[in-house]
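Protein chains in written order, with this note's numbering: chain A, 13 to 431; chain B, -2 to 177.
Glycine included, every Cβ here is placed at the ideal spot set by N, Cα and C.
For clarity, every value in this text was computed on a predicted model and none was experimentally measured.
Written below as structure tokens is the structure these notes are about.
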């Protein structure tokens, strides 16, 4: 498909709203991004502890099975679609199976996705059956290449993808090492269905400007304020991003002055009756209390105090997305710390004190921009032009980084477009 | 913390009526936006948790909301009132008939068993609809309540000791701000 974008500016400080609404753009994104040369986050290895364990997941809008080989223990991922008629092979979200059988005509697949059995393949009493030269191995569902980074599993459909170390960069590999330096314990899942285009969520994760304004809880109760030491870091290609902040690096006076005069956000207005929710003893050497590395196209790893989670973006059509969150702790956490992580789960997820608002903000954009033709948004907080790391968080520059890589993958970079 | 009681004593008609009134008030006070009054339906010692069936079935402890005392409940409501932003809507709870599952005695009561107020475990199905300000309604959440309720000695007034909301609807539409 030939596809062009009229960019008002070559630094992605103006994005046309129709890119969040056009079904043809969405279809092309699924092909060129999610089935293209990107590494997508699948799940965690800790979710597949035993031989034959499987989880179903999504890469863009493609259903995928991730499984631990029933014999060798290797991790595999393959498209969850029967080669025969296209029915979903695995229907459960998770489980354990020595093989996978499609219910329609009982075609049978190994845990690595290879087609190994077709009922009545040779016919019955010399009648019917498949042609003798039918090649079962060649007809198997498409497999993804897998990369395992400290137990975080990524997959790609493309043979042309960069090695994962290069794709994530030193930045990404280092952040994953930070979070997954020891065995994790899965605490559970949450899901949120947001009526907006998937890119609005990807942008939200790269927009540090909104955090302490939309999520007023951060400021009201002092969890995170723009006055804390922190900033945004990106990989060399500016496709991934990390918002981060350090515990107790600003004063109450600095914060009060900074937020004075901003409608709707005020410090010292309220106090929690029970403050255990906010109790935080730095548990990482870097003493960050907020770290949120985001990996193009679909992943976030997030720490807010003692709450730890991954989030996976699952596009659900041009105007909807699911946020699939996996909450975890560490295998060596005490019962007391596990309880504290669960209490801290009040902060994040669909009912999270500092996260619930994203669903509403994104739906407001999707609703209000549906009728647009040429109109664009404005992305200038933090500056125009070159895309660079910043040692503060009054910025949305990483959003422009996202769009620069999006434009490259979609083949629609403007002449002289920044990267 | 609580020990199950082996005997299968049926609840009195007074207690059934009190529990039924309690759950009617529970849903209506949320729907009427009387959330501070809703908290008054809880005992001084209380616990409120919203979890999903998806996690329960896998034996996973993750919570969507967990307030393990009245102060946390009041914080949650205060934040809802004055801090959080959410989709503007009216809620409507439809709560099914109550099932009495049995009695337990609180382990923390240092009284002879005969003198302790029994705690009854009840369950009920719920559905929760949301209607936006232009009048469009949607099914927001469906699931069940599993509550421990404590009755007055005469059995005429019941309070919630713990409320476990097990939402079948793991896929939360938009966001979850007001309690279920």
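For residue 420 of chain A, the closest alpha carbon among the candidates A/410, A/411, A/431 is that of A/431. Interface with chain A (9 Å Cβ-Cβ cutoff): residue 69 of chain B is included. Within the region 208 to 293 of chain A, complete beta strand (DSSP E) segments of at least 3 residues are found at 242 to 246, 253 to 258, given in chain order. At a beta-carbon threshold of 9 Å, the residues of chain A lying near residue 63 of chain B are 354, 355, 357, 358, ordered along the chain. In the assembly as shown, residue 405 of chain A is a buried residue. Its beta-carbon has 16 or more other beta-carbons within 10 Å. In terms of beta-carbon proximity, residue 161 of chain B stays away from the interface with chain A, with every pair separated by 9 Å or more. By the neighbour-count criterion, in which 16 or more other beta carbons inside 10 Å mark a residue as buried, residue 132 of chain A falls on the exposed side. Residue burial annotation: residue 390 of chain A is exposed, with fewer than 16 other C-beta atoms found within 10 angstroms of its C-beta.
Residue 19 of chain A sits in coil when the DSSP states are folded into three classes, being neither helix nor strand.
Assignment of beta-bridge partners to residue 160 of chain B by DSSP yields B/45, B/144. In this structure, the alpha-carbon of residue 59 of chain A lies about 11 Å from that of residue 195 of chain A.
At least one C-beta of chain B is nearer than 9 Å to the C-beta of residue 371 of chain A. When A/184, A/77, A/253, A/198 are compared, the shortest CA-CA separation from residue 416 of chain A is found for A/253. Of the other Cβ atoms in all chains shown, fewer than 16 fall within 10 Å of the Cβ of residue 142 of chain A; this residue is therefore exposed. Below 8 Å, enough C-beta pairs join the region 317 to 329 of chain A and the region 353 to 368 of chain A to call them touching: three or more. DSSP, read as helix, strand or coil, puts residue 26 of chain B in helix. In this structure, A/236 is the residue among A/245, A/273, A/236, A/246 with its C-alpha nearest to the C-alpha of residue 259 of chain A. Nearest in C-alpha terms to residue 7 of chain B, of all of B/96, B/161, B/133, is B/96. Under the 10 Å beta carbon count, residue 274 of chain A is surrounded by fewer than 16 other beta carbons and is classified as exposed. Assignment of residue 117 of chain A by DSSP, reduced to helix, strand and coil, places it in the coil class. Annotation: residue 81 of chain A to residue 163 of chain A spans about 16 Å, alpha carbon to alpha carbon. According to the DSSP assignment, residue 71 of chain A belongs to the beta strand (DSSP E) that extends over 65 to 71. For the beta strand (DSSP E) assignment, the uninterrupted runs of no fewer than 3 residues enclosed by the region 325 to 413 of chain A are, from N- to C-terminal side, 333 to 342. Beta-carbon to beta-carbon, residue 102 of chain A and residue 89 of chain A are separated by about 12 Å, too far to satisfy the 8 Å threshold. Using a Cβ-Cβ cut-off of 9 Å, residue 128 of chain B does not count as an interface residue toward chain A, since no Cβ of chain A sits closer than that to its own.
Setting aside the 5 residues that flank it on each side, residue 308 of chain A is surrounded in the same chain by 50, 214, 251, 252, 414, 417, each with a C-beta closer than 8 Å to its C-beta; the list follows chain order.
At least 9 Å separates the CB of residue 139 of chain B from every CB of chain A. Taking 9 Å as the threshold, the shortest C-beta distance from residue 191 of chain A to chain B does not fall below it.
Contact between the region 155 to 164 of chain B and the region 184 to 204 of chain A is absent, with fewer than three C-beta pairs closer than 8 Å.
About 16 Å separates the beta carbon of residue 36 of chain B from that of residue 88 of chain B, a gap too long to meet the 8 Å contact definition. Contacts with chain A at 9 Å (Cβ-Cβ) do not include residue 13 of chain B.
Per DSSP, residue 176 of chain A is not a residue of any beta strand (DSSP E); the alpha helix (DSSP H) it occupies stretches across 176 to 191. Counting only runs of 3+ residues, the beta strand (DSSP E) found wholly inside the region 57 to 135 of chain B occupies 62 to 64, 86 to 92, 96 to 102, 116 to 129, in chain order. For residue 198 of chain A, the chain B residues whose Cβ falls inside 8 Å of its Cβ are 57, in order along the chain. Apart from the 5 residues on each side of it in sequence, residue 152 of chain B sits with its Cβ closer than 6 Å to the Cβ of 9, 11, 12 in its chain, given in chain order. In the three-state reduction of the DSSP assignment, residue 57 of chain A falls in the helix class, which pools H, G and I.
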